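Here's the structure, in structure tokens; my notes come after.
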Amino acid sequence: MTIDLTEIKHLEELARIALTDKERKQYSKQLSSILEYVSKLQEVDIEGVEPTGHATEGENVWRDDEVIDCPLEEVKRILDNAPELKDKLIKVKGVFK
Amino acid sequence: MALNELSIQEASKGLRDKKFSSTELVDACFKSVKKHEKKVDAFLNLFEKEAKAGAKAADEKISRGDKLAMLEGIPVAVKDNILYADHICTAGSKILEKYNAVYDATVVNKLKEAGAIIIGKTNLDEFAMGSSTENSAFKTTKNPWDLKRVPGGSSGGSVAAVSADMCLGALGSDTGGSVRQPSSFCSTVGLKPTYGRVSRYGLIAMASSFDQVGTVAGSTQDAAWLLRAIEGIDPKDSTSMKVEPIATEFPDENLKGIKVGVPKEFFDEGLDADVRARIEESIKKLEELGAKIVEMELPHSDYGLAVYYLLMPSEVSSNLARFDGVRYGLREKGKNLLEVYKNTRAKGFGPEVRRRIMLGTFALSAGYHEAYYGRAQKVRTIIRKEFKEAFKKVDVIVGPTAPTPAFKIGEKFEDPLTMYLSDIYTVTANVAGVPAISIPAGFTKDNLPVGLHLMANYFDENKMLRVANAYEQASEWYKEIPNL
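Keeping their order, the protein sequence lines are chains A and B. The opening residue of the first sequence carries number 876 in the working numbering; numbering runs sequentially from there. The opening residue of the second sequence carries number 10 in the working numbering; numbering runs sequentially from there.
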């Protein structure tokens, strides 16, 4: 399996990362060689094997649906971390345009 | 011996016996920082003033005769992907260069409750992705044993800080070997608990089904002591579990009745000859201590790295979607929202992080999901089963922590696959979720440290620590310190 430049451009869109032409070429080569390595998994017989999605075999953990207050100093820190504020709201480019 | 060279146990006793103060202990650490940090580059941030105030408060508690917590007055460092409220937390990335942590990670909260003094945040590969700290957006940490070489990674800063005696212990994180591989490179002890023993709340997520906070210290006993302080079930992490606590004393150095498994797969042709020799000597030592050596096979362990390098990037691509320039972190300009995302992530993430996001996006994308992600999840099941079966027959599994000693800075940087191979022996513990530890096992001809790797059954850390401690006490390799 090789990842050509068309595939790289498609992944760029999915992953929301802008790449330069030089990076596209480099990633195409590097990702292809990593995929070649991981292709050894094709040798393994997985017939009838269930997938493991997590490292524990725990069950659902429940809690009551209660509001836990966020201390004001935490609220302040959250807002201070925002790139741009308008009043107490985080300002972002429009989603629908 | 200088105070900063003491073990946590010795320092705690000294403080309680009033042989010295926490202020003197913290001062000794900062003296070492001043002497070595320019060469080693272990830290991204240091909190000298705060640490001194903390030491003063601890000293007052001691002189008043208050009840003391388990790490009272002990200076430690924390990897910079673990949140410490109201302190910058970069994860080694430009995208979080100015991010001020909103809250404390559960492990930081527990360190504070245990009375520990956090002296600084340590360097790491960006978002903990790497095996050398060369992927940090800010600096490359150097190996205190040879400054031309890498300390390993991704917890290279935490490990180098402990190795250079700039603090008595440190927290790291281990997703595929990130506390153990650097510990092997720098002659420290790196302990990765069973997945679920320690809360991940406030650890910046890399690959959630593999990530665990681990401890770094100068001895097994200290690493266990630190783990005891931070372990436990946490309502804020639903994968954390209530389990038998970590033992903190290991009086028994006799290993009679212990079965040590040695898988032949861990000694293949990729293994450095000097590393192999040290590990074979260690196994002989375990036998002398009374353990029974059992040759065994773990046929699917060979696939561990391939499973890891599909599942981990898949989880990475999903976890790092949150860094989009909207609510916090770097925001780059763009004509529309989509461009803001793309430009922010292009500028904010370094090459390795972008590479893993791209790889994970591929493995999860329509048409490839089942062949890559799905297949890897199934092989993961087979590896877990193989480990469970193995631990019915043996108590611990040993081998080398890493296939080579520390490599030169720049040596593997251009070739990601070669870099990934440094994790070949450590990743299987994360793939299976079992506990593992790396302990000092001697040196190569060039005086570079070698680490012995031990794994045990789920939540059976205490047996693993008992074996590690017995080896350590008999070999005394852990006492060696670098000549900086």
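In this text, a Cβ means the ideal position worked out from N, Cα and C, and glycines have one as well. In this text, all values refer to a predicted model and were calculated from it rather than measured experimentally.
Proximity winner among the options, relative to residue i (alpha-carbon distances)
| i | options | result |
| --- | --- | --- |
| Ser326 of chain B | B:Ala372, B:Ser310 and B:Glu341 | B:Ala372 |
| Ala893 of chain A | B:Leu430, B:Tyr377 and B:Gly359 | B:Gly359 |
| Pro202 of chain B | B:Leu177, B:Ala233, B:Arg384 and B:Ser196 | B:Ala233 |
| Arg336 of chain B | B:Asp75, B:Leu55, B:Phe29 and B:Tyr108 | B:Tyr108 |
| Tyr377 of chain B | A:Thr895, A:His929, A:Ile953 and A:Leu910 | A:Leu910 |
| Asn90 of chain B | B:Gly266, B:Val459 and B:Ala214 | B:Ala214 |
| Ala890 of chain A | B:Phe396, B:Ile366 and B:Thr437 | B:Ile366 |
| Tyr382 of chain B | A:Val967, A:Pro926 and A:Ile953 | A:Pro926 |
| Lys454 of chain B | B:Glu470, B:Ala479, B:Ala415 and B:Leu461 | B:Ala415 |
| Leu329 of chain B | B:Asp26, B:Leu92, B:Ala100 and B:Ala60 | B:Ala100 |
| Glu304 of chain B | B:Ser172, B:Val407 and B:Glu324 | B:Val407 |
| Glu262 of chain B | B:Thr131, B:Gln482 and B:Gly82 | B:Gln482 |
| Ser908 of chain A | A:Ile878, A:Lys966 and A:Lys961 | A:Ile878 |
| Glu69 of chain B | B:Ser31, B:Val111, B:Gly129 and B:Leu347 | B:Ser31 |
| His885 of chain A | B:Leu368, B:Lys397, B:Thr413 and B:Cys195 | B:Leu368 |
| Glu46 of chain B | B:Ala170, B:Phe136, B:Leu236 and B:Gly227 | B:Ala170 |
Span of the beta strand (DSSP E) around residue i
| i | result |
| --- | --- |
| Pro409 of chain B | Val405 to Pro409 |
| His462 of chain B | Pro458 to Ala465 |
| Val85 of chain B | Pro84 to Lys88 |
| Val924 of chain A | Unbroken run through Val924 of chain A: none, as it is neither H nor E. |
| Gly223 of chain B | Gln221 to Ala226 |
Beta-carbon gap between residue i and residue j smaller than 9 Å
| i | j | result |
| --- | --- | --- |
| Val159 of chain B | Val188 of chain B | no |
| Val85 of chain B | Leu120 of chain B | yes |
| Val443 of chain B | Arg389 of chain B | no |
| Val207 of chain B | Ala411 of chain B | no |
| Gly357 of chain B | Val349 of chain B | no |
| Gly161 of chain B | Gln190 of chain B | yes |
| Met175 of chain B | Val42 of chain B | yes |
| Pro409 of chain B | Tyr434 of chain B | yes |
| Ile288 of chain B | Val459 of chain B | yes |
| Asn478 of chain B | Thr229 of chain B | yes |
| Ala37 of chain B | Ala11 of chain B | yes |
| Val225 of chain B | Ala179 of chain B | yes |
| Gly124 of chain B | Leu77 of chain B | yes |
| Asp243 of chain B | Val198 of chain B | no |
| Ile83 of chain B | Phe332 of chain B | no |
| Gly129 of chain B | Asn13 of chain B | no |
| Ser5 of chain B | Asp432 of chain B | It is not possible to answer for residue 5 of chain B, since the shown part of chain B is limited to 10 through 493. |
| Leu426 of chain B | Phe194 of chain B | no |
| Gly928 of chain A | Ser247 of chain B | no |
| Val476 of chain B | Val222 of chain B | no |
Where the alpha helix (DSSP H) containing residue i begins and where it ends
| i | result |
| --- | --- |
| Gln905 of chain A | Asp896 to Val913 |
| Ala385 of chain B | Arg384 to Lys402 |
| Val503 of chain B | This structure leaves residue 503 of chain B out entirely; chain B is present only between 10 and 493. |
| Val950 of chain A | Leu947 to Asp955 |
| Val362 of chain B | Pro360 to Leu373 |
| Ser21 of chain B | Ile17 to Arg25 |
| Asp231 of chain B | Thr229 to Ile239 |
| Ile883 of chain A | Leu880 to Ala890 |
| Thr353 of chain B | Leu346 to Gly357 |
Integer-rounded CB distance, given that residue j should sit under 8 Å from residue i
| i | j | result |
| --- | --- | --- |
| Ile391 of chain B | Val919 of chain A | 7 Å |
| Leu295 of chain B | Pro272 of chain B | Actually they are not in contact, since the Cβ atoms of Leu295 of chain B and Pro272 of chain B sit about 15 Å apart, beyond 8 Å. |
| Gly205 of chain B | Ser249 of chain B | 6 Å |
| Met473 of chain B | Ala238 of chain B | That pair is no contact at about 18 Å. |
| Ile71 of chain B | Leu177 of chain B | Not really, about 17 Å apart at Cβ, beyond 8 Å. |
| Leu156 of chain B | Lys48 of chain B | 6 Å |
| Ile3 of chain B | Phe56 of chain B | The structure shown has nothing for residue 3 of chain B, since chain B only spans 10 to 493. |
| Thr4 of chain B | Glu341 of chain B | Residue 4 of chain B lies beyond the residue range present for chain B, which begins at 10 and ends at 493; the question has no answer from this structure. |
| Thr131 of chain B | Gly74 of chain B | Not really, about 34 Å apart at Cβ, beyond 8 Å. |
| Arg384 of chain B | Leu916 of chain A | 5 Å |
| Thr184 of chain B | Met321 of chain B | 7 Å |
| Asp95 of chain B | Ala110 of chain B | 7 Å |
| Pro254 of chain B | Glu240 of chain B | 7 Å |
| Glu81 of chain B | Leu133 of chain B | Actually they do not touch by this definition, with Cβ atoms about 27 Å apart. |
| Phe219 of chain B | Ala930 of chain A | 7 Å |
Min CB distance residue i to chain D below 9 Å
| i | result |
| --- | --- |
| Phe136 of chain B | Protein chains A and B are contained in the structure displayed, whereas chain D is not. |
Inside the region 261-328 of chain B only - alpha helix (DSSP H) runs reaching at least 4 residues: 282-297 and 313-328
Which runs of the alpha helix (DSSP H) at least 4 residues long sit entirely within the region 419-484 of chain B? Give them in chain order. 425-429, 436-441 and 470-484
Every unbroken alpha helix (DSSP H) inside the region 44-126 of chain B [4 residues or more]: 57-73 and 115-122
Length-filtered (3 minimum) beta strand (DSSP E) runs lying within the region 152-211 of chain B: 178-183 and 198-201
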